[in-house]
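Under the numbering used here, think of the first position of the sequence shown as 6, with each following residue one higher.
Here a beta-carbon is modelled for each residue, glycine too, at the ideal position from N, C-alpha and C.
Source: prediction; values computed, not measured.
Reviewing the structure listed below.
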Amino acid sequence: MSANAVSGHAQSNIDGLAGDRYALGESEIVGLAINSPLLTLTADTITSSANISGDYGSIDPMGSSNLANASLSVAGQTIDLDANAAANTAILPGLLNPLGLSLVLNEQTMSDDGSGNASMITNALHLSFNDALLGLGVLNGDIVIGHSQASLSAIANPGNGGGDNGGNGGTPEVPAPGANWLFLIGGLALIMVGMKKQQHRFDASAPMTQGQLIAS
């Protein structure tokens with residue numbers, strides 16, 4: 006596996022005040038080439054993003070990815086991959102699965118508890134090997150390309166007043182701040198493969214971009 010460049014970006018406008026805020030993680034891979042006895046996969050550019058926005062009680066996770074001029078060659082066939090695939094698009098499972106392979110484009114995993122905690126993970130491309138025959142052995146593992154992640158947690162202010170002491174009964178203010186912490190990861194390309202009973206891990210990423218902000 007090779008790439009001309011791998012980069013990541015993290016951004017947020019969290020400042021500890023009330024109102025909508027966002028957390029964003031992005032990644033970009035230029036000149037991707039995966040060449041193996043099982044398949045060949047190339048792309049000019051791969052990008053992904055994970056975005057969390059909103060305020061306490063209403064946080065919206067969103068993800069997206071794009072593959073420019075990407076193609077897959079396997080079992081004597083060459084397939085042009087969709088540049089803007091829908092979320093969690095499985096590519097030709099009828100052809101790949103019997104070979105011990107699976108390929109998912111624009112893989113998105115989101116979590117939102119509905120009260121202020123949400124996360125979004127986007128993998129532009131996720132290639133899995135499941136007992137794939139390779140020579141005299143089998144190959145198990147995953148190649149994840151274009152990984153972006155963002156998460157955000159928001160809490161409500163406790164309210165003003167003293168209940169029985171003539172205040173406002175302890176009724177909370179408009180929920181704020183928009184977030185109390187942020188964790189972003191962008192630009193990760195990770196290969197995990199296993200041959201027979203041995204496990205081999207290769208980190209094919211450039212230095213990972215990450216940011217963390219604590220707002221009281």
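Hey, how far is the Cα of residue i from the Cα of residue j?
i, j, result
"Q16", "N145", "35 Å"
"G21", "N122", "16 Å"
"D49", "A161", "45 Å"
"V109", "G99", "13 Å"
"L130", "S120", "31 Å"
"G13", "S78", "28 Å"
Tell me which residues share the same chain as residue i and place their Cβ nearer than 7 Å to its Cβ, disregarding the 5 neighbours each side in the sequence.
i, result
"D136", "G105, V143 and N145"
"S41", "none"
"S76", "T47, T83, I84, D85 and L86"
"N74", "A48 and D49"
"L139", "P42 and L43"
"D117", "I64, P66 and A123"
Would you mind stating whether residue i and residue j have Cβ atoms separated by less than 8 Å?
i, j, result
"D60", "A159", "yes"
"I39", "T45", "yes"
"S70", "S107", "no"
"I64", "L157", "yes"
"A88", "L72", "yes"
Grab me the residues of residue i's own chain with a C-beta within less than 6 Å of its C-beta, minus the 5 sequence neighbours each way, in chain order.
i, result
"N128", "E112, V149 and H152"
"M115", "P66 and M125"
"S9", "Sequence inspection shows Asn at residue 9; the Ser mentioned does not correspond to that position. Correct list, in chain order: V35 and G36."
"A95", "V109"
"G68", "A55, Q113, M125 and T127"
If you follow the alpha helix (DSSP H) that residue i is part of, which residue opens it and which one closes it?
i, result
"G99", "P98 to L101"
Kindly indicate the opening and closing residues of the beta strand (DSSP E) around residue i.
i, result
"A90", "Counting along the chain, A90 falls outside any beta strand (DSSP E), and DSSP gives it neither H nor E."
"N9", "Taken as a continuous stretch (DSSP letters only), N9 belongs to no beta strand (DSSP E), as it is neither H nor E."
"A23", "Here A23 belongs to no beta strand (DSSP E), and DSSP marks it neither H nor E."
Under 8 Å: do the segment 18-37 and the segment 45-56 share three or more Cβ pairs, one atom per stretch?
Cβ pair count under 8 Å is three or more, so yes.
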